[in-house]
Amino acid sequence: MLPKDYRALPVPRPVTGTVVVEASPWAEDNQWVLDLAAVEPFIVGIVGNLPVGTKQCAGHLKRFAANKVLRGIRLRDRKLEGTLDDRAFTSDLKRLADHDLSLDLVGGSEVLSFADRLATELTRLRIVIDHLAGVRVDGKAPPADWAEKMRALVPRRNVYFKVSGLVEGTGRSDGTAPGDVEFYRPVLNPQRTLPELSS
Numbered sequence: 167m168l169p170k171d172y173r174a175l176p177v178p179r180p181v182t183g184t185v186v187v188e189a190s191p192w193a194e195d196n197q198w199v200l201d202l203a204a205v206e207p208f209i210v211g212i213v214g215n216l217p218v219g220t221k222q223c224a225g226h227l228k229r230f231a232a233n234k235v236l237r238g239i240r241l242r243d244r245k246l247e248g249t250l251d252d253r254a255f256t257s258d259l260k261r262l263a264d265h266d267l268s269l270d271l272v273g274g275s276e277v278l279s280f281a282d283r284l285a286t287e288l289t290r291l292r293i294v295i296d297h298l299a300g301v302r303v304d305g306k307a308p309p310a311d312w313a314e315k316m317r318a319l320v321p322r323r324n325v326y327f328k329v330s331g332l333v334e335g336t337g338r339s340d341g342t343a344p345g346d347v348e349f350y351r352p353v354l355n356p357q358r359t360l361p362e363l364s365s
């Protein structure tokens, strides 16, 4: 979907700009989207994808971060366990913070424990939890373990939660996902639906 495709819709939604998030796993596609943004003001930001922890990452980051449309990168589909003990990996994340860029995390509840440790060790790095850390959205109270890990992140001043992936969380991407916001409220405000959790 390109900006011209959106503008061609017969009754477009009132969206005036978009942030492209990890459009591709290929490093050069970061440049492709940055080039597109140069001629398409509809693209107001990019969260890219870089090979964190590799020899190539620092050079890619320096190059792409020179363009202020790049606002961060996202990690997905990789094993996070042990990465914070890998000097090359953490050095790349420090470079992100040095460039005032964010790190988006997408995955299941395992990203929450990872984010908690990362937020403590790299306090200058903005961390964004995407898609509510993969919680199932079924109109009921979320699992207590998920809620406890989410609450542990609330005091972290460098952690943010992006409300996204709600329809995907229902498992109903065929147009049958509920349209009533009350169905989603238990995961958007778990404090109202869960008993007080132990500290």
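Position in the sequence shown (from 1) plus 166 gives the number in the working numbering. For each residue, glycine too, the CB sits at the ideal point set by N, CA and C. Quantities reported herein were computed from a predicted structural model and do not represent experimental measurements.
Extent of the continuous alpha helix (DSSP H) to which residue i belongs
| i | result |
| --- | --- |
| Val199 | 193-205 |
| Arg253 | 253-264 |
| Val353 | 347-354 |
| Ala224 | 223-231 |
| Asp340 | Element bounds for Asp340: n/a, residue is neither H nor E. |
| Arg179 | Segment: none, Arg179 is in no alpha helix (DSSP H) and carries neither H nor E. |
| Arg173 | 169-173 |
Residue i (DSSP reduced to helix, strand or coil)
| i | result |
| --- | --- |
| Leu122 | A query on residue 122 cannot be resolved here, the shown segment of the chain reaching from 167 to 365 and no further. |
| Gly214 | strand |
| Val186 | strand |
Euclidean distance between Cα positions of residue i and residue j
| i | j | result |
| --- | --- | --- |
| Ile212 | Asn324 | 19 Å |
| Lys260 | Val177 | 44 Å |
| Lys245 | Asp258 | 16 Å |
| Asp251 | Glu287 | 11 Å |
| Thr336 | Leu202 | 33 Å |
| Arg253 | Val218 | 11 Å |
| Asp340 | Leu332 | 13 Å |
Buried/exposed call for residue i, threshold 16 Cβ in 10 Å
| i | result |
| --- | --- |
| Lys221 | exposed |
| Met316 | buried |
| Tyr350 | buried |
| Trp312 | buried |
| Pro361 | Here Pro361 scores only 48 on pLDDT, less than 50, and its place in the model should not be relied on; the value that follows carries that caveat. With fewer than 16 other Cβ atoms within 10 Å, it is exposed. |
| Asn355 | exposed |
| Asp296 | buried |
| Val294 | buried |
| Pro207 | exposed |
| Val181 | exposed |
| Glu247 | exposed |
| Asp270 | buried |
Residue span of the beta strand (DSSP E) that contains residue i, given as start and end
| i | result |
| --- | --- |
| Arg240 | 236-241 |
| Asp270 | 268-271 |
Distance cut-off 8 Å: residue i Cβ against heavy atoms of the ligand SAM
| i | result |
| --- | --- |
| Ser339 | Ligands displayed in this structure: none; no statement on the ligand SAM is therefore possible. |
Complete beta strand (DSSP E) runs within the segment 275-337 (minimum length 3 residues, chain order): Segments of the beta strand (DSSP E) lying fully in the segment 275-337: 292-295, 325-327.
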